[in-house]
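**Q** Here you go, one structure.
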Amino acid sequence: MQLISEQYITKTYQVKDLDYLDSQTEQRLHSLGIHVGSQMTIVRFLPFHGPVIVEIDHQRIGLRYKVFKLLMGGISE
């Protein structure tokens, strides 16, 4: 059985969109240095759509799965 985390670990992605986030979340990510075009490396996915640990500019940040998907350009359900 392959876990979802195994297929994404250490891949680098670019932040595509911040438009679908609420203003508080967008402001917090901006203060952490996450902007459109930022390079983000996946460190770990936690099970059951739990937090996603990413590394941006040599700092590790835990993001909600929903927020992670929105940053990657996906529209949340």
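If you read the sequence shown in the UniProt record's numbering, its first letter stands for residue 1, the second for the next number, and so on.
Note that the Cβ used here is the ideal one computed from N, Cα and C, for glycine as well.
Just so we're clear, the structure is a prediction, and the values are computed from it rather than from any experiment.
Under a three-way DSSP split, which group does valine 15 fall into?
**A** Numbered from 1 along the sequence shown, position 15 holds the residue referred to as residue 15. Assigned with DSSP and collapsed to three states, valine 15 falls in coil, not helix or strand.
**Q** Cβ of histidine 30 versus every heavy atom of the ligand SAH: is any distance shorter than 7 Å?
**A** The ligand content of the structure shown is nil, which means the ligand SAH is not present either.
**Q** In three-state DSSP terms, what is leucine 63?
**A** The residue labelled residue 63 in the question sits at position 63 within the sequence shown. Correct three-state label for leucine 63: strand.
**Q** Closer than 8 Å by C-beta to residue 78: which residues in its own chain qualify, once you throw out the five before and the five after it? Chain order, please.
**A** The structure shown does not extend to residue 78, since the chain is modelled only from 1 through 77, so no value can be given for it.
**Q** For glutamate 77, does the three-state DSSP call read helix, strand or coil?
**A** The residue labelled residue 77 in the question sits at position 77 within the sequence shown. Because glutamate 77 sits at a pLDDT of 49, beneath the cut-off of 50, its placement in the model cannot be relied upon, and the following sentence gives the value as read from the coordinates. In the structure shown, glutamate 77 sits in coil (DSSP, three-state: anything other than H, G, I, E or B).
**Q** Do you know offhand how far arginine 64's Cα is from aspartate 57's?
**A** Taking the sequence shown and counting its residues from 1, the one referred to as residue 64 is at position 64. Taking the sequence shown and counting its residues from 1, the one referred to as residue 57 is at position 57. Using only the alpha carbons, I get a separation of about 19 Å.
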